[in-house]
Amino acid sequence: MCLDSTKCPLCDGFAQAELSYPNWVVPCGKCGHFLIDDSAFRLLPEKDLKEPDFPGHGKPFDNPFWGSRYLLSAMARECYEKAKDERQEWLVVEAGEAHGNTTVRERVKGIQNGDQGNLARLIAEAQMKAPKTEDDKKIGVLSLLHRHYIACGSSVFEIDCNKDYPLFFLKGPEFLTSAVRFLVDDGYVRVKSETMDGTMMLEITSDGCQFCERALRPADSKRDWVLAPLNNLGGAVGIVARDRLEKLERIREDNEHVDFLIRMCSEINSCFLQGHLLATLLVMRALLNYVPPIFGCKSFSSVAAQSPVSLKEQFETLEEGLRKVADYQTHRTMKPGDCYPSRAQVEPYKPAFELLIDEVIRTLRGTATGAQQR
Ligand SMILES: [Zn+2]
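Numbering of the sequence shown is given in the working numbering, commencing with residue 9 and proceeding in unit increments.
1) Would serine 315 be called buried (16 or more neighbouring beta carbons within 10 Å of its own) or exposed?
2) Taking 8 Å as the limit between beta carbons, can you name the residues of its chain near proline 300, skipping five residues before and five after?
3) Just to confirm my understanding: we take alanine 79, look at its own chain, exclude 5 residues before and 5 after, and list those with CB closer than 8 Å. What are they?
4) Does the Cβ of lysine 38 lie closer than 7 Å to at least one heavy atom of ligand 1?
5) Straight-line CA distance for arginine 113 to isoleucine 44?
6) Report the CB separation of valine 149 from leucine 191 in whole angstroms; it is logged as a contact under 8 Å.
7) Ignoring anything shorter than 4 residues or poking outside the region 99 to 177, list the alpha helix (DSSP H) runs there in chain order.
8) Between the Cα of glutamate 221 and those of Phe280, Glu166, Leu57, Ala48, spot the shortest distance and give me the residue it belongs to.
9) List the endpoints of the continuous beta strand (DSSP E) containing leucine 269.
10) Looking only at C-alpha atoms, which of Gly246, Glu264, Tyr298, Asn297 sits nearest to glutamate 275?
11) Residue range of the alpha helix (DSSP H) that histidine 41 falls in?
12) Fully enclosed by the region 190 to 216, which beta strand (DSSP E) runs are 3 residues long or longer?
13) Out of Leu253, Gln337, Lys320, which has the shortest C-alpha to C-alpha gap to isoleucine 365?
14) To the nearest angstrom, how far is it from the Cα of glutamate 86 to the Cα of leucine 175?
15) In or out: arginine 95 buried (at least 16 other Cβ within 10 Å) or exposed?
16) Okay, do the region 114 to 130 and the region 157 to 171 touch, 3+ Cβ pairs below 8 Å being the bar?
17) Could you give the C-beta distance for proline 349 and leucine 286, rounded to a whole number, given that I count them as a contact under 8 Å?
18) For arginine 189, count neighbouring Cβ atoms within 10 angstroms of its own Cβ and tell me buried if that reaches 16, exposed if not.
19) For a test of your reading of the model: does the CB of cysteine 19 fall under 7 Å from any non-hydrogen atom of ligand 1? Yes or no.
20) Which residue wins for smallest C-alpha separation from histidine 284, given the options His265, Val354, Asp335, Cys36?
21) Would you give the residue range spanned by the alpha helix (DSSP H) that serine 310 belongs to?
22) Per the DSSP calculation, tryptophan 32 is bridged to which residue(s)?
23) Closest to valine 197 by C-alpha separation, out of Asp346, Gly206, Phe183, Ser151, would be which residue?
24) Skipping 5 residues on each side, what residues in its chain have a beta carbon closer than 8 Å to that of leucine 4?
25) Just the Cα atoms here: how many angstroms apart are proline 237 and alanine 25?
26) According to DSSP, is phenylalanine 73 helix, strand or coil?
27) Is it the case that the Cβ atoms of valine 291 and leucine 372 are separated by a distance below 8 Å?
28) Can you have a look at glutamate 261 and say buried or exposed, based on whether 16 or more other CB atoms are within 10 angstroms of its CB?
29) Quick check: the Cα distance between phenylalanine 361 and arginine 370, rounded to an integer number of angstroms?
30) Quick check on the burial criterion: 16 or more other C-beta atoms within 10 angstroms. Buried or exposed for aspartate 46?
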């Protein structure tokens, strides 16, 4: 329980923390500068939120925050990059209880219930932003180089792998180096120089720029250059927002039948992100055909017909609009002057599509708990 004020409580790196009542100010090279209350300062380094194993008890207790410190470190760095010297904007990490005489287990319980501090919220937010797949990790790094290029006109960017991994919500420097290696293999990035201590001068190639330009809408590439990796933009870029996918993932824990549905949603997002709009439309239409049994119906038009008035109109938009656009694109035959669909053919259906996904989630949850729907 002893507090080491020379060690960053989020990444264990060297950081000379100073008490500035009621919080500690931690100037960390990796996490940026942030504030933390005494309680969180004591709690977090505690075996990374994991209670020590006792003899006879093989497993650690079921702790949803175990191993989550790196996520807080990423959140702190993100705030710091936005705010720099404006201290009032730095992240404040709180576990809310001053003494810390209670066990780690009890305190984690309090945090989990949301009645202590902001840890639960911060970790949940960071989990949404953190890359889930190897591709996400690569895109995170590449999109930062691209943003830098757009903002400064320079295709060269220096990263310090040992310090900059929190910028990409990664667990450690090795994940950043491997993402860079993969990008080099893809031909999207060149390493211009590299030192033994992990500093690299990276250059985004024209292929890399083209990839980002295809994947990002113009509005998004104007965002602050250093912020969210591409996947953090969640619903702003894809069709099915990341939090909806997360909800479906949680349903999958008890109900693996949703596997295919999740794959469809991910495929819709990835097609849309890469500008494959024909495929986006077709998989969206396929989803309309796929979900009716969830609502006890045979066709999507019956789903629309039996929905409450407020939803009915939205679902009819999908049936009458989205389906027709997708049909048109599937059944057309070659003519001079054929045009590839633009995003404008998909975007009008995003709100109704989201409402449908919400309704699917709501109904699946009802089914999972055995409650009768409708
Ligand atoms: Zn740190």
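Beta carbons: idealized from backbone N, C-alpha and C, even for Gly.
Judging by the given coordinates:
1) buried
2) If the five residues before and after proline 300 are omitted, its C-beta is found closer than 8 Å to the C-beta atoms of Lys306, Ser307, Phe308, Ser310, Val311, all from its own chain and listed in chain order.
3) According to the sequence as given, residue 79 is leucine; it is not alanine. Excluding residues within five positions, the ones whose Cβ falls inside 8 Å are Leu130, Ile131, Ala134, Gln135, Ala138, Phe177.
4) Lysine 38 Cβ: within cutoff of ligand 1.
5) 20 Å
6) 6 Å
7) 112 to 120, 127 to 137, 142 to 160, 169 to 172
8) The residue with the shortest Cα to Cα distance from glutamate 221 is Phe280.
9) That residue, leucine 269, is in no beta strand (DSSP E); its alpha helix (DSSP H) goes 267 to 281.
10) Distances from the alpha-carbon of glutamate 275 to those of Gly246, Glu264, Tyr298, Asn297 put Gly246 closest.
11) Run containing histidine 41: none in the alpha helix (DSSP H); it sits in the beta strand (DSSP E), 40 to 45.
12) 197 to 202, 207 to 212
13) Leu253
14) 6 Å
15) exposed
16) no
17) 6 Å
18) exposed
19) yes
20) Checked all of His265, Val354, Asp335, Cys36; the closest Cα to histidine 284 is Val354.
21) According to the DSSP assignment, serine 310 belongs to the alpha helix (DSSP H) that extends over 308 to 314.
22) Leu27, Ile44
23) Nearest option by C-alpha distance: Ser151.
24) Residue 4 lies beyond the stretch modelled for the chain, which goes from 9 to 382, so this question has no answer here.
25) Confidence in proline 237 is poor, its pLDDT being 38 and thus under 50, which makes the residue's placement unreliable; the coordinate value appears in the next sentence. Answer to the nearest angstrom: the Cα atoms are 29 Å apart.
26) coil
27) no
28) Exposed, by the Cβ-count rule.
29) 14 Å
30) buried
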